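>
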Amino acid sequence: MDPAINERFHLFPYQRLGAVASVGGLIGAFSGFYEGIKIGSLRYLIENSHRLPRTVGGWYFYHKKKNYVMIVGGCKLALVQGAKYSGAMTGLFGIEAIIDYIRGTIDFASTTAAATITAGTYAWYTQLSRVQSANYMKKGALLGLSLGVTQDLIIWRRGGHIWYMDKLGVVNPQTVNRL
């Protein structure tokens with residue numbers, strides 16, 4: 000019997016948090032690098048548009064310096080965005096694990112609550128208006144609900160137990176085949 004059969008993503012919470020932090024950090028770093036390169040390129044053009052080179056050698060050094068500025072800007076923004084994404088993802092799944100532990104069960108309700116709390120925290124941090132905060136929290140709850148139901152279906156399909164599926168009398172095909 001697999002001890003992690005009822006866990007989300009088939010990982011225990013401490014393993015899941017490490018994996019989610021790494022993946023979130025990588026996605027944020029790639030996104031930040033791409034955005035930083037675009038911003039660095041435009042910033043360099045704006046700063047030097049009044050004195051564009053007039054010779055072939057001048058254009059060579061213009062582009063050489065521009066590429067350097069773009070890469071440095073991309074790396075800086077990659078670090079910042081990677082840290083933000085990693086922190087947000089770790090926060091979301093950490094809150095989800097805490098709620099699962101407090102409730103004593105793993106289901107979509109914990110994911111929905113965690114996503115709503117995370118969206119509300121972000122709305123508070125960015126000082127959104129009440130209407131914007133409410134809309135943000137509604138969207139967070141909807142995304143959390145869809146993520147939670149998807150996770151529950153993955154657990155159930157793998158042969159794990161989901162309390163509301165058992166209560167509805169839905170027979171899991173994986174557990175029938177094992178008997």
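Numbered by numbering that gives the first Met the number 0, the letters in the sequence shown go through residues 0 to 178 in order. Cβ coordinates follow ideal geometry from the N, Cα and C atoms, glycine included. This structure is a prediction, so every number in the text was calculated from the model and none was measured.
Are the CB atoms of F107 and D165 nearer to each other than 8 angstroms?
No, they are not a contact pair.
> Among W162, L167, A28 and G158, which has the Cα closest to the Cα of Q173?
Of W162, L167, A28 and G158, the residue nearest in Cα terms is G158.
> Under three-state DSSP, which class holds A3?
Three-state result, A3: coil.
> Are three or more beta carbon pairs between the region 129-146 and the region 110-121 nearer than 8 angstroms?
Yes: at least three Cβ pairs fall under 8 angstroms.
> By Cβ distance, which residues of its chain are closer than 7 angstroms to I161, with the 5 residues on each side in sequence left out?
Cβ within range, chain order: D106, D151, I154 and W155.
> Closest to R7 by C-alpha separation, out of Q80, A96 and Y163, would be which residue?
With distances taken between Cα atoms, R7 lies closest to A96.
> For L127, which residues of its own chain have a beta-carbon under 8 angstroms away from its beta-carbon, when the five flanking residues on both sides are left out?
Hits under 8 angstroms: Y135.
> Going by other Cβ atoms of all chains shown within 10 Å of its Cβ, with 16 needed for buried, is I116 buried or exposed?
Its Cβ being crowded by 16 or more others within 10 Å, I116 is buried.
> According to the Cβ coordinates, are Y33 and V68 closer than 8 angstroms?
Their beta carbons are not under 8 angstroms apart, which means Y33 does not touch V68 by this criterion.
> To the nearest angstrom, report how far apart G17 and S40 are at their CA atoms.
Using only the alpha carbons, I get a separation of about 34 angstroms.
> Which whole-angstrom value is the C-beta distance of G35 and A87, which I expect to be below 8 angstroms?
Rounded, the Cβ-Cβ distance is 19 angstroms, inconsistent with contact.
> According to DSSP, simplified to helix, strand and coil, what is Q126?
It is coil, neither helix nor strand.
> To the nearest whole angstrom, what separates the beta carbons of G81 and G31, a pair I think is in contact under 8 angstroms?
So it is a contact: roughly 6 angstroms between Cβ atoms.
> Who are the near neighbours of A3 in its chain, counting only those whose CB is closer than 8 angstroms to its CB and skipping five residues on each side?
Cβ within range, chain order: H9, L10 and F11.
> Considering Cα atoms alone, identify which of K37, V19, Y121 and A118 is closest to G73.
It is K37 whose Cα lies nearest to the Cα of G73.
> Which word fits I94, buried or exposed, when buried means at least 16 other C-beta atoms lie within 10 angstroms of its C-beta?
The residue is buried, with at least 16 neighbouring Cβ atoms inside 10 Å.
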